[in-house]
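Peer 1: Sending over a structure as structure tokens; questions will come in a sec.
Number of protein chains: 2
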Amino acid sequence: MGSPLRVGIAGLGTVGAGVLRVLHDNGAAIAMRAGREIKVTAVSSRDRSKDRGVSLDGLNWHDNAVSLASDEDVDVVVELIGGSDGIAKDLVESALANAKHVVTANKALIAHHGLELAETAERNPVALAYEAAVAGGIPIIKALREGLAANTIDGVHGILNGTCNYILTSMAESGRPFDEVLAEAQELGYAETDPSFDVDGIDTAHKLAILASVAFGTKVDFDAVFVEGIRHVSPVDIDFAEKLGYGIKLLGVAKRREEGIEQRVHPCMVPIASPINHVSGVFNGVVVDGDFIDTTIYEGRGAGAGPTASAVVADLIDIARESQIPTFGVGVNDLSPTQTIPMSGHVGPYYIRLMVVDKPGVFADIAGCLKNHNVSMGSVLQQSRDPGEPVPVVMTVHETEERAMVLMLKEIEALDTIVEKPVMIRVETF
Amino acid sequence: MGSPLRVGIAGLGTVGAGVLRVLHDNGAAIAMRAGREIKVTAVSSRDRSKDRGVSLDGLNWHDNAVSLASDEDVDVVVELIGGSDGIAKDLVESALANAKHVVTANKALIAHHGLELAETAERNPVALAYEAAVAGGIPIIKALREGLAANTIDGVHGILNGTCNYILTSMAESGRPFDEVLAEAQELGYAETDPSFDVDGIDTAHKLAILASVAFGTKVDFDAVFVEGIRHVSPVDIDFAEKLGYGIKLLGVAKRREEGIEQRVHPCMVPIASPINHVSGVFNGVVVDGDFIDTTIYEGRGAGAGPTASAVVADLIDIARESQIPTFGVGVNDLSPTQTIPMSGHVGPYYIRLMVVDKPGVFADIAGCLKNHNVSMGSVLQQSRDPGEPVPVVMTVHETEERAMVLMLKEIEALDTIVEKPVMIRVETF
Numbered sequence: 000m001g002s003p004l005r006v007g008i009a010g011l012g013t014v015g016a017g018v019l020r021v022l023h024d025n026g027a028a029i030a031m032r033a034g035r036e037i038k039v040t041a042v043s044s045r046d047r048s049k050d051r052g053v054s055l056d057g058l059n060w061h062d063n064a065v066s067l068a069s070d071e072d073v074d075v076v077v078e079l080i081g082g083s084d085g086i087a088k089d090l091v092e093s094a095l096a097n098a099k100h101v102v103t104a105n106k107a108l109i110a111h112h113g114l115e116l117a118e119t120a121e122r123n124p125v126a127l128a129y130e131a132a133v134a135g136g137i138p139i140i141k142a143l144r145e146g147l148a149a150n151t152i153d154g155v156h157g158i159l160n161g162t163c164n165y166i167l168t169s170m171a172e173s174g175r176p177f178d179e180v181l182a183e184a185q186e187l188g189y190a191e192t193d194p195s196f197d198v199d200g201i202d203t204a205h206k207l208a209i210l211a212s213v214a215f216g217t218k219v220d221f222d223a224v225f226v227e228g229i230r231h232v233s234p235v236d237i238d239f240a241e242k243l244g245y246g247i248k249l250l251g252v253a254k255r256r257e258e259g260i261e262q263r264v265h266p267c268m269v270p271i272a273s274p275i276n277h278v279s280g281v282f283n284g285v286v287v288d289g290d291f292i293d294t295t296i297y298e299g300r301g302a303g304a305g306p307t308a309s310a311v312v313a314d315l316i317d318i319a320r321e322s323q324i325p326t327f328g329v330g331v332n333d334l335s336p337t338q339t340i341p342m343s344g345h346v347g348p349y350y351i352r353l354m355v356v357d358k359p360g361v362f363a364d365i366a367g368c369l370k371n372h373n374v375s376m377g378s379v380l381q382q383s384r385d386p387g388e389p390v391p392v393v394m395t396v397h398e399t400e401e402r403a404m405v406l407m408l409k410e411i412e413a414l415d416t417i418v419e420k421p422v423m424i425r426v427e428t429f
Numbered sequence: 000m001g002s003p004l005r006v007g008i009a010g011l012g013t014v015g016a017g018v019l020r021v022l023h024d025n026g027a028a029i030a031m032r033a034g035r036e037i038k039v040t041a042v043s044s045r046d047r048s049k050d051r052g053v054s055l056d057g058l059n060w061h062d063n064a065v066s067l068a069s070d071e072d073v074d075v076v077v078e079l080i081g082g083s084d085g086i087a088k089d090l091v092e093s094a095l096a097n098a099k100h101v102v103t104a105n106k107a108l109i110a111h112h113g114l115e116l117a118e119t120a121e122r123n124p125v126a127l128a129y130e131a132a133v134a135g136g137i138p139i140i141k142a143l144r145e146g147l148a149a150n151t152i153d154g155v156h157g158i159l160n161g162t163c164n165y166i167l168t169s170m171a172e173s174g175r176p177f178d179e180v181l182a183e184a185q186e187l188g189y190a191e192t193d194p195s196f197d198v199d200g201i202d203t204a205h206k207l208a209i210l211a212s213v214a215f216g217t218k219v220d221f222d223a224v225f226v227e228g229i230r231h232v233s234p235v236d237i238d239f240a241e242k243l244g245y246g247i248k249l250l251g252v253a254k255r256r257e258e259g260i261e262q263r264v265h266p267c268m269v270p271i272a273s274p275i276n277h278v279s280g281v282f283n284g285v286v287v288d289g290d291f292i293d294t295t296i297y298e299g300r301g302a303g304a305g306p307t308a309s310a311v312v313a314d315l316i317d318i319a320r321e322s323q324i325p326t327f328g329v330g331v332n333d334l335s336p337t338q339t340i341p342m343s344g345h346v347g348p349y350y351i352r353l354m355v356v357d358k359p360g361v362f363a364d365i366a367g368c369l370k371n372h373n374v375s376m377g378s379v380l381q382q383s384r385d386p387g388e389p390v391p392v393v394m395t396v397h398e399t400e401e402r403a404m405v406l407m408l409k410e411i412e413a414l415d416t417i418v419e420k421p422v423m424i425r426v427e428t429f
């Protein structure tokens with residue numbers, strides 16, 4: 000057995016304490032698998048005195064996390080501070096520059112600065128590993144960078160944020176509105192006090208940008224991701240979706256097309272029988288389509304101390320085994336620029352819901368707008384309401400370019416029989 | 000970029016030709032990912048003149064596959080001949096002994112001789128890789144050996160044979176009996192002319208033995224696997240199962256218990272809403288439970304040229320990258336013997352179906368048998384039939400030890416109101 004791999008951990012919150020626990024509970028088996036002991040030698044955290052259920056005796060303590068990067072007893076820095084900039088970025092940059100490997104759970108950091116960090120890692124040369132950054136308990140980065148490496152990947156899509164999936168699942172099961180379910184999720188600890196990173200789709204977008212880069216061998220490009228959250232999804236739409244044979248999920252979708260790469264995060268209507276629609280509650284699910292494997296599906300817990308710590312330690316085991324995988328699957332010079340298809344160029348079926356005053360001629364006006372933009376109607380549903388109240392008119396339309404949809408909905412919204420902003424949800428048929 | 004990795008392929012059937020096609024179609028991207036070219040330099044097959052759609056010009060041709068093991072232009076032998084003994088075994092043994100890496104899709108070989116082959120691989124030291132042997136398109140060996148390596152694995156279960164899953168899915172959808180659906184599957188090429196390896200559970204057992212070894216770090220032990228196939232599953236049981244809220248799947252199940260390891264292959268009743276019940280048709284699915292990840296699920300195509308070739312080439316890429324993973328995740332000396340729990344010691348709920356003559360007192364007799372063996376009844380279903388015809392009586396029983404079930408069913412079978420051998424299907428609640 001070789002000499003121990005010496006680890007410095009920055010951030011001893013839930014995940015950091017989880018990493019200590021994994022290495023403590025399963026240390027002997029991990030050493031057998033890694034071929035050497037994986038030993039925490041240094042830590043940094045805000046609060047030295049807090050009880051974490053694990054002894055920190057004999058470990059080098061750093062008040063300033065960045066100084067872990069120059070600790071001579073550290074071979075690998077584990078960054079669990081979070082945030083795309085500030086201390087996390089300083090620490091990771093310095094560690095790589097000092098030829099220390101880095102393991103991180105920080106999706107914002109990799110989505111925003113992954114390319115320059117990968118360059119630094121390659122130059123020194125050390126590993127920059129981030130399995131924990133995407134879909135915690137699911138080894139999806141390893142699947143894409145290694146397990147499916149024989150394939151040309153055509154697309155990746157998935158449920159990458161447990162908070163949103165919990166909220167949508169709970170809305171579907173209970174019929175309650177978004178705000179109420181969010182408040183409950185916050186009480187249960189499934190959603191943050193400031194929920195916007197989750198419910199506005201930003202967290203999903205960070206993860207999608209990373210997945211797309213690894214899947215397609217492109218330069219990670221967060222700004223190329225179209226992002227729309229779930230705040231506007233209402234129980235009535237979930238209900239109509241079900242009647243039409245669909246569930247509503249917040250998906251990250253990355254697809255390779257002839258003209259370029261589509262990267263988008265938004266609520267999707269997916270067929271009720273599709274595998275991704277069966278992924279419920281706080282679970283994450285990722286579907287990968289490749290030219291030789293066809294379709295593969297991965298499900299598991301996306302967050303929480305255990306799954307995230309498991310991913311961090313798997314990266315440490317790889318480093319201990321001296322596995323040499325370029326950060327994004329191929330060398331930085333082999334990554335191609337992302338040729339982005341803008342959202343206005345997206346083509347697909349759509350669901351729309353209009354709230355109309357039920358008067359003669361209403362439907363002819365709406366149909367006229369569809370015709371003006373060459374939009375072809377699929378199914379229509381109309382529910383009756385109390386007389387005088389606005390009536391929801393729901394329809395699906397066949398494959399349409401998004402730019403035509405936007406123009407058409409503007410025209411529909413301007414009709415004086417339309418009393419609310421139309422709702423549009425993209426349909427995925429996979 | 001390093002010097003090319005030189006590959007010799009033994010067996011140019013569907014999968015062998017698939018490997019040639021993957022390396023041809025995606026060669027440039029694969030070289031980027033592997034850090035060097037992966038180049039086929041030698042082949043062996045039964046028929047030299049057959050058109051495989053890929054040119055064999057310039058490759059060393061071996062009439063005798065075993066001589067690939069001493070070809071000086073070969074770094075890795077890919078064994079695609081099949082069979083647990085004979086040429087396949089001779090070739091793999093010789094190749095490893097000659098310090099050539101081996102990649103194989105041969106589950107029978109690894110299930111029966113994996114331990115001694117791993118010893119030879121370790122001694123020389125070269126890689127023995129077999130991702131393609133289990134659940135083709137799903138990188139489950141990589142997930143267990145690497146992605147989830149931080150965990151103590153508590154259990155693995157899965158649908159590992161596409162033929163059986165196709166037959167059971169088709170029986171459930173159409174209500175037709177086993178023989179009819181099997182004949183159809185044979186016509187469609189989903190089942191072999193001699194289907195016994197598939198439908199009698201042997202293929203699943205080979206794969207389960209491998210998964211169990213990698214999951215638990217135990218010496219692979221095919222003989223420790225209890226095996227029961229699907230020939231006795233009838234449409235009436237599928238129908239009753241559905242009424243009780245279950246689907247019927249052929250599963251391989253490996254569980255770690257305090258007293259040892261359970262390894263068993265048999266039809267299972269699984270809850271209709273469970274992820275494994277959603278895996279239908281020729282798809283495979285594997286569920287892994289670990290102490291820190293909780294539950295993760297993997298689905299994909301288990302067989303076919305594309306998925307299997309993808310797995311073979313992924314192994315080649317790992318070898319090209321000089322990834323060093325022991326055959327079963329830890330060194331041969333660290334593998335523990337399998338402490339097997341015999342099937343008679345299995346404890347779980349059961350489904351039983353009895354065909355009875357409907358006379359007064361019948362039910363009291365049956366209930367008496369349950370009582371004699373301390374078996375506690377769950378739910379009961381009785382369907383009426385034409386007068387004079389035997390009536391099916393279906394029941395589930397709570398957690399019972401299998402040895403008690405067997406004795407009780409013998410007693411029930413001996414009742415003169417019982418007209419057929421009782422049917423027993425194990426229930427899994429996961």
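Residue numbers (the working numbering), protein chains in the order written: chain A, 0 to 429; chain B, 0 to 429. For every residue, glycine included, the Cβ atom is placed at its ideal position computed from N, Cα and C.
What's the C-alpha gap between Ala68 of chain B and Ile86 of chain B?
Peer 2: Along the second sequence, read from residue 1 onward, the residue named residue 68 of chain B stands at position 69. Along the second sequence, read from residue 1 onward, the residue named residue 86 of chain B stands at position 87. Those two C-alpha atoms are separated by around 12 Å.
Peer 1: With 7 Å as the threshold, decide whether the Cβ of Met268 of chain B is near any Cβ in chain A.
Peer 2: Looking up residue 268 of chain B in the second sequence gives position 269. No, Met268 of chain B does not count as interfacial toward chain A.
Peer 1: Which of the three DSSP states is assigned to Asp317 of chain B in this structure?
Peer 2: If you number the second sequence from 1, residue 317 of chain B lands on position 318. Helix at Asp317 of chain B.
Peer 1: Hey, Ile271 of chain B and Val286 of chain B are a contact pair by Cβ (cut 8 Å); roughly how many whole angstroms apart?
Peer 2: Residue mapping note: residue 271 of chain B aligns to position 272 of the second sequence, counting from 1. Residue mapping note: residue 286 of chain B aligns to position 287 of the second sequence, counting from 1. That belief does not hold up - the Cβ atoms of Ile271 of chain B and Val286 of chain B are roughly 16 Å apart, past 8 Å.
Peer 1: When you compare only the Cα positions, how much space is there between Leu95 of chain B and Asn105 of chain B?
Peer 2: Taking the second sequence and counting its residues from 1, the one referred to as residue 95 of chain B is at position 96. Taking the second sequence and counting its residues from 1, the one referred to as residue 105 of chain B is at position 106. Looking at the two C-alpha atoms, the distance is approximately 15 Å.
Peer 1: Under the rule that 16 or more other beta-carbon atoms within 10 Å means buried, what is Ser93 of chain B, buried or exposed?
Peer 2: Looking up residue 93 of chain B in the second sequence gives position 94. So Ser93 of chain B counts as buried.
Peer 1: By a C-beta neighbour count over all protein chains shown, 10 Å radius and 16 as the cutoff for buried, is Glu179 of chain A buried or exposed?
Peer 2: Residue 179 of chain A sits at position 180 when you count from the first residue of the first sequence. Per the 10 Å Cβ criterion, exposed.
Peer 1: Taking 8 Å as the cut-off, does the region 180-189 of chain B touch the region 122-140 of chain B (at least 3 CB pairs, one atom from each stretch)?
Peer 2: They do not touch, by the three-pair rule.
Peer 1: Going along chain A, which residues have a C-beta under 9 Å from Lys141 of chain B?
Peer 2: Here the question's residue 141 of chain B lines up with position 142 in the second sequence. Here the neighbours are Pro138, Lys141, Ala142, Glu145 and Gly146.
Peer 1: Nearest to Asp333 of chain B by CA position, among A:Ala16, A:Gly34 and A:Ala64, is which residue?
Peer 2: Start at 1 with the first residue of the second sequence, and residue 333 of chain B comes out as number 334. Selected option, being the one with the closest Cα: A:Gly34.
Peer 1: List the residues of chain B that Ile316 of chain A touches, going by C-beta distances under 8 Å, in chain order.
Peer 2: Numbered from 1 along the first sequence, position 317 holds the residue referred to as residue 316 of chain A. Per Cβ cutoff of 8 Å: Glu145, Ala148 and Ala149.
Peer 1: Can you pull out the residues from the region 321-337 of chain B whose beta carbon lies closer than 9 Å to at least one beta carbon of chain A?
Peer 2: Listed by position along the chain: Glu321, Ser322, Gln323, Ile324, Pro325, Gly328, Val329, Gly330 and Asp333.
Peer 1: Which value, in whole angstroms, describes the spacing of the CA atoms of Leu516 of chain A and Leu19 of chain A?
Peer 2: Because residue 516 of chain A is not part of the residues shown, which for chain A are 0 to 429, the question remains open.
Peer 1: Pull out every residue of the region 113-129 of chain A whose Cβ sits closer than 9 Å to any Cβ of chain B, in chain order.
Peer 2: Those would be none; no residue qualifies.
Peer 1: Where does Met261 of chain A sit, in a helix, a strand or coil, going by DSSP?
Peer 2: Here residue 261 of chain A refers to the residue found at position 262 when the first sequence is read from its first residue. Contrary to the premise, residue 261 of chain A reads as Glu rather than Met in this sequence. Here Glu261 of chain A sits in strand by DSSP.
Peer 1: Ignore the nearest five residues each way along the sequence and tell me which others in Ile324 of chain B's own chain have a CB closer than 6 Å to its CB.
Peer 2: Locating residue 324 of chain B in the second sequence gives position 325, counting from the first residue. Within the same chain, Ile324 of chain B has close Cβ partners Arg144.
Peer 1: Hey, Met407 of chain B and Leu369 of chain B are a contact pair by Cβ (cut 8 Å); roughly how many whole angstroms apart?
Peer 2: Taking the first residue of the second sequence as position 1, residue 407 of chain B is located at position 408. Taking the first residue of the second sequence as position 1, residue 369 of chain B is located at position 370. With 8 Å as the limit, Met407 of chain B and Leu369 of chain B qualify as a contact, their Cβ atoms being about 7 Å apart.
Peer 1: What does His277 of chain A reach in chain B if we use C-beta pairs closer than 9 Å?
Peer 2: As a first step, residue 277 of chain A is located in the first sequence; it is residue number 278 there, counting from the start. Under the 9 Å cutoff, chain B gives Ala272, Pro274 and His277.
Peer 1: I want to verify the contact list: residues of chain D whose CB lies under 7 Å from the CB of Glu298 of chain A, in sequence order.
Peer 2: Included in the structure are the protein chains A and B, with no chain D among them.
Peer 1: To be precise: take each residue of the region 27-49 of chain B, compare its Cβ to all Cβ atoms of chain A, and keep it if any distance is under 7 Å. Which residues remain?
Peer 2: For the region 27-49 of chain B, which is checked against every Cβ of chain A, the residues closer than 7 Å are Ala28, Ile29, Met31 and Arg32.
Peer 1: Can you find a CB in chain B that lies within less than 7 Å of the CB of Asn25 of chain A?
Peer 2: For the purposes of this step, residue 25 of chain A is taken as residue 26 along the first sequence, with counting starting at 1. Closer than 7 Å: yes.
Peer 1: Please tell me whether Ile237 of chain A and Ala171 of chain A are closer than 7 Å, where the distance is taken between their beta carbons.
Peer 2: Counted from its first residue, the first sequence places residue 237 of chain A at position 238. Counted from its first residue, the first sequence places residue 171 of chain A at position 172. Their beta carbons are under 7 Å apart, which means Ile237 of chain A touches Ala171 of chain A by this criterion.
Peer 1: Near Phe291 of chain B, what residues of its chain come up, given a Cβ to Cβ distance below 7 Å and the 5 sequence neighbours on each side ignored?
Peer 2: Along the second sequence, read from residue 1 onward, the residue named residue 291 of chain B stands at position 292. The residues are Ala149 and Asn150.
Peer 1: Would you mind telling me which residues of chain A sit closer than 8 Å to Pro306 of chain B, beta carbon to beta carbon, in chain order?
Peer 2: Counted from its first residue, the second sequence places residue 306 of chain B at position 307. Those within 8 Å of Pro306 of chain B in chain A are Phe291, Ile292 and Asp293.
Peer 1: Mind pulling the beta strand (DSSP E) runs of 3 or more residues that sit fully within the region 282-314 of chain A?
Peer 2: Qualifying beta strand (DSSP E) stretches, in chain order: 282-289 and 293-300.
Peer 1: Out of curiosity, what's the CA-to-CA distance linking Asp293 of chain A and Asp84 of chain B?
Peer 2: By one-based count along the first sequence, residue 293 of chain A stands at place 294. By one-based count along the second sequence, residue 84 of chain B stands at place 85. Those two C-alpha atoms are separated by around 32 Å.
Peer 1: Could you tell me the alpha carbon to alpha carbon distance between Gly303 of chain A and Val101 of chain A, rounded to whole angstroms?
Peer 2: For the purposes of this step, residue 303 of chain A is taken as residue 304 along the first sequence, with counting starting at 1. For the purposes of this step, residue 101 of chain A is taken as residue 102 along the first sequence, with counting starting at 1. The straight-line gap from Cα to Cα measures roughly 21 Å.
Peer 1: Buried or exposed, going by whether 16 or more other CB atoms sit within 10 Å of the CB of Ser266 of chain A?
Peer 2: Walking along the first sequence from the start, residue 266 of chain A turns up at place 267. For clarity, residue 266 of chain A is Pro in the given sequence; the question names Ser instead. Answer is buried; the Cβ neighbour count reaches 16.
Peer 1: Looking at Gly157 of chain A and Gly347 of chain A, is the spacing between their C-beta atoms short of 7 Å?
Peer 2: Here residue 347 of chain A refers to the residue found at position 348 of the first sequence. Here residue 157 of chain A refers to the residue found at position 158 of the first sequence. No, these two residues do not count as a Cβ contact at 7 Å.
Peer 1: Does Asp74 of chain A come out as helix, strand or coil in the three-state DSSP assignment?
Peer 2: For the purposes of this step, residue 74 of chain A is taken as residue 75 along the first sequence, with counting starting at 1. Coil at Asp74 of chain A, not helix or strand.
Peer 1: Return the chain-ordered ranges of every alpha helix (DSSP H) run that is complete within the region 68-132 of chain A and spans a minimum of 4 residues.
Peer 2: Those alpha helix (DSSP H) runs which fall completely within the region 68-132 of chain A and span 4+ residues are 86-96 and 106-122.
Peer 1: Listed from N- to C-terminal order along the chain, which residues in the region 253-265 of chain A have their beta-carbon within a distance smaller than 9 Å of any beta-carbon of chain B?
Peer 2: Going along the region 253-265 of chain A in chain order, one finds no residue with a Cβ nearer than 9 Å to chain B.
Peer 1: When the distance is taken between beta carbons, is Glu427 of chain B closer than 7 Å to Val278 of chain B?
Peer 2: Numbered from 1 along the second sequence, position 279 holds the residue referred to as residue 278 of chain B. Numbered from 1 along the second sequence, position 428 holds the residue referred to as residue 427 of chain B. Cβ atoms of Val278 of chain B and Glu427 of chain B: not closer than 7 Å.
Peer 1: Select from B:Ile318, B:Gly367 and B:Glu419 the residue whose C-alpha is nearest the C-alpha of Glu388 of chain B.
Peer 2: What you label residue 388 of chain B is simply residue 389 of the second sequence in a count that begins at 1. The shortest C-alpha separation from Glu388 of chain B is found at B:Glu419.
Peer 1: Work out the CA separation of Ser378 of chain B and Leu167 of chain A for me, nearest whole Å.
Peer 2: Here the question's residue 167 of chain A lines up with position 168 in the first sequence. Here the question's residue 378 of chain B lines up with position 379 in the second sequence. Leu167 of chain A and Ser378 of chain B: Cα-Cα distance of roughly 34 Å.
Peer 1: Helix, strand or coil for Ile166 of chain A, going by three-state DSSP, please let me know.
Peer 2: Position 167 of the first sequence, counting from 1, holds the residue named residue 166 of chain A. If DSSP states are grouped into helix, strand and coil, Ile166 of chain A belongs with the helices.
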